[in-house]
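In what follows, a single structure is set out as structure tokens and then discussed.
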Amino acid sequence: MNHLLLTFLGIIACTTTAVSQEVKPPEGRIAIVADGNSPDPDDLGATAVSLALLRAAGLEDRLVHYSHSCDLIRGARISQRAEVERHALMQASCDVTARRWGGFDSLTFYDAKWQLEATISDLTAAINASTANDPLWIIEAGEPDIIGFALKASQKEKHQFVKVVTHHPANDDAGDFYEWKQILDFGVEEVRIPDQNILLKVDLKEWDWAKNHRDPRIQQIWIQGKIAEVDDVVTFQKGKWDCSDAGMVLYWLTGATNGGLAQGTVEDVKALLTGYIALHPE
Numbered sequence: 055m056n057h058l059l060l061t062f063l064g065i066i067a068c069t070t071t072a073v074s075q076e077v078k079p080p081e082g083r084i085a086i087v088a089d090g091n092s093p094d095p096d097d098l099g100a101t102a103v104s105l106a107l108l109r110a111a112g113l114e115d116r117l118v119h120y121s122h123s124c125d126l127i128r129g130a131r132i133s134q135r136a137e138v139e140r141h142a143l144m145q146a147s148c149d150v151t152a153r154r155w156g157g158f159d160s161l162t163f164y165d166a167k168w169q170l171e172a173t174i175s176d177l178t179a180a181i182n183a184s185t186a187n188d189p190l191w192i193i194e195a196g197e198p199d200i201i202g203f204a205l206k207a208s209q210k211e212k213h214q215f216v217k218v219v220t221h222h223p224a225n226d227d228a229g230d231f232y233e234w235k236q237i238l239d240f241g242v243e244e245v246r247i248p249d250q251n252i253l254l255k256v257d258l259k260e261w262d263w264a265k266n267h268r269d270p271r272i273q274q275i276w277i278q279g280k281i282a283e284v285d286d287v288v289t290f291q292k293g294k295w296d297c298s299d300a301g302m303v304l305y306w307l308t309g310a311t312n313g314g315l316a317q318g319t320v321e322d323v324k325a326l327l328t329g330y331i332a333l334h335p336e
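Each residue of the sequence shown is one higher than the one before, starting from 55 at the first, in the working numbering.
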């Protein structure tokens, strides 16, 4: 009896915490363009968190495009062999998270570099479907080139209904084919929020709650961030659990320009994910 009471109280606590993170997305759909094949492996964890957040918020059907590995020209800081590994790891982060959390069966996760034409075509279609009442919010979680190619291929009159969310000039200025100014010159709306690394790139121990969680869906997310932490291409992720790009998704689903969490925290992520798990046990 005591065990059942404690379990019930735990579910109530998680649910109450989750409700405090108000889910009030703006009108429209969301598209995510991530890298992960560049020297920084942070999108391994951010991808898993982004998908889980959308599912936890009941907004998985609003995600109309997801592509990864959008760094189209390999730089000297990552070897060809290591980059090939990253493509596989990013695809796994997409596919495994989507399957384990559910709700994404109708979505194709594109490898932007290896499926370039299909990726551009898919994002172009999402742009062309945009209207004043159904805009497209593009999350720039990597280099801007794919966004630029899709905007160039799309209908110009639709650009007024496109909003590009960004949080860091490291993404804006990393394009091999498009500069950030060129993206804005298409006539899209820039939605800039503070650097999400400040509160979402944290010491590894701040994610012990996920590592030690009894639900394997939460553990799987932790594993993705841990893979990035032990990556041997860069050193600046050592000792860190980084889902910074997922902060843009958190901002969008909590209201975006209408009061969204512009500086989300690990606790905000935890509340939404554990609240969902409590209500939807395996």
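The C-beta atom is built at its ideal place from N, Cα and C for all residues, glycine as well.
Closest by C-alpha distance to residue i, when choosing among the options
{"i": "Arg140", "options": "Tyr120, Gly301, Asp165", "result": "Asp165"}
{"i": "Pro79", "options": "Leu113, Pro93, Ala88", "result": "Leu113"}
{"i": "Ala316", "options": "Ile281, Asp322, Ala325, Pro248", "result": "Pro248"}
{"i": "Leu304", "options": "Lys294, Arg109, Phe290, Ser160", "result": "Arg109"}
{"i": "Lys212", "options": "Val287, Asp227, Asp230, Gly241", "result": "Gly241"}
{"i": "Phe290", "options": "Ala85, Pro95, Arg83", "result": "Pro95"}
{"i": "Ile174", "options": "Ser133, Pro198, Lys292, Pro189", "result": "Pro198"}
{"i": "Thr319", "options": "Glu171, Val216, Asp257", "result": "Asp257"}
{"i": "Asp296", "options": "Asp322, Phe215, Ala282", "result": "Ala282"}
{"i": "Leu29", "options": "Glu321, Asp149, Ala142", "result": "Residue coverage of the chain in this structure runs from 55 to 336, which leaves residue 29 outside it and unanswerable."}
{"i": "Asp239", "options": "Val323, Gln214, Ala142, Lys280", "result": "Gln214"}
Neighbourhood of residue i by C-beta, 6 Å cutoff - its chain only, sequence neighbours within 5 removed
{"i": "Lys265", "result": "Trp276"}
{"i": "Cys68", "result": "Reliability fails at Cys68, whose pLDDT of 44 lies under 50, so the model's placement of it is uncertain and the value that follows must be treated cautiously. Cβ within range, chain order: Thr328, Gly329, Ala332."}
{"i": "Gln278", "result": "Leu98, Gly99, Ala102, Ser147"}
{"i": "Asn182", "result": "Ser208, Gln209, Lys212"}
{"i": "Asn251", "result": "Ser298"}
{"i": "Leu126", "result": "Lys167, Asp199, Asp230"}
{"i": "Glu243", "result": "Lys217"}
{"i": "His222", "result": "Asp249"}
Nonlocal neighbours in the same chain, by C-beta distance under 8 Å from residue i, ignoring five residues either side
{"i": "Arg271", "result": "Ala106, Arg154, Trp155, Ile331, Glu336"}
{"i": "Ile201", "result": "Val87, Leu177, Ile192, Glu194, Val218, Tyr232, Ile237"}
{"i": "Asn312", "result": "Lys78, Pro80"}
{"i": "Val288", "result": "Pro93, Asp94, Pro95, Arg131"}
{"i": "Phe158", "result": "Leu105, Arg109, Glu114, Leu117, Ala152"}
{"i": "Trp306", "result": "Pro79, Pro80, Ile84, Trp191, Ile193, Val219, Gly314"}
{"i": "Ala179", "result": "none"}
{"i": "Ile66", "result": "Low confidence applies to Ile66: its pLDDT is 43, below 50, so where it sits in the model is not reliable, and the reading given next is rough at best. Cβ neighbours of Ile66 beyond the five flanking positions: none."}
{"i": "Lys259", "result": "none"}
Whole-angstrom distance between residue j and residue i, CA atom to CA atom
{"i": "Lys206", "j": "Val77", "result": "33 Å"}
{"i": "Arg246", "j": "Thr220", "result": "5 Å"}
{"i": "Tyr120", "j": "Thr185", "result": "20 Å"}
{"i": "Pro93", "j": "Glu137", "result": "8 Å"}
{"i": "Gly90", "j": "Phe203", "result": "19 Å"}
{"i": "Asn225", "j": "Arg131", "result": "16 Å"}
{"i": "Arg128", "j": "Arg135", "result": "11 Å"}
{"i": "Gly314", "j": "Glu194", "result": "17 Å"}
{"i": "His334", "j": "Asp269", "result": "10 Å"}
{"i": "Leu117", "j": "Leu177", "result": "11 Å"}
{"i": "Gly196", "j": "Gly309", "result": "22 Å"}
{"i": "Lys294", "j": "Lys167", "result": "27 Å"}
{"i": "Glu171", "j": "Ala85", "result": "17 Å"}
{"i": "Gly301", "j": "Ala111", "result": "14 Å"}
{"i": "Asp149", "j": "Lys292", "result": "25 Å"}
{"i": "Val284", "j": "Lys255", "result": "15 Å"}
{"i": "Ser160", "j": "Asp286", "result": "34 Å"}
{"i": "Val323", "j": "Phe163", "result": "23 Å"}
{"i": "His142", "j": "Trp261", "result": "The sequence given here has Ala at residue 142, not His. Each residue's alpha carbon lies about 24 Å from the other."}
{"i": "Ser133", "j": "Pro189", "result": "39 Å"}
{"i": "Gln169", "j": "Trp263", "result": "36 Å"}
Closer than 8 Å to chain C by CB, residue i
{"i": "Glu233", "result": "Although the question refers to chain C, the structure presented lacks it and comprises just one protein chain."}
Opposing strand residues paired with residue i [DSSP bridges]
{"i": "Arg246", "result": "Thr220"}
{"i": "Leu117", "result": "Ile84"}
{"i": "Ala163", "result": "Checking the sequence, you will find Phe at residue 163 rather than Ala. Note: Phe163 sits in a beta bridge opposite Tyr120."}
{"i": "Asp226", "result": "Answer is none; Asp226 lacks a bridge partner."}
{"i": "Trp295", "result": "Val256"}
{"i": "Glu194", "result": "Val87"}
Cβ-based neighbour list, residue i, same chain, cut-off 7 Å, excluding 5 preceding and 5 following
{"i": "His267", "result": "Gln273"}
{"i": "Met144", "result": "Gly90, Asn91, Asp97, Leu98, Thr101, His122, Ser123"}
{"i": "Asn187", "result": "Glu81"}
{"i": "Trp234", "result": "Pro198, Asp226, Asp227"}
{"i": "Lys280", "result": "none"}
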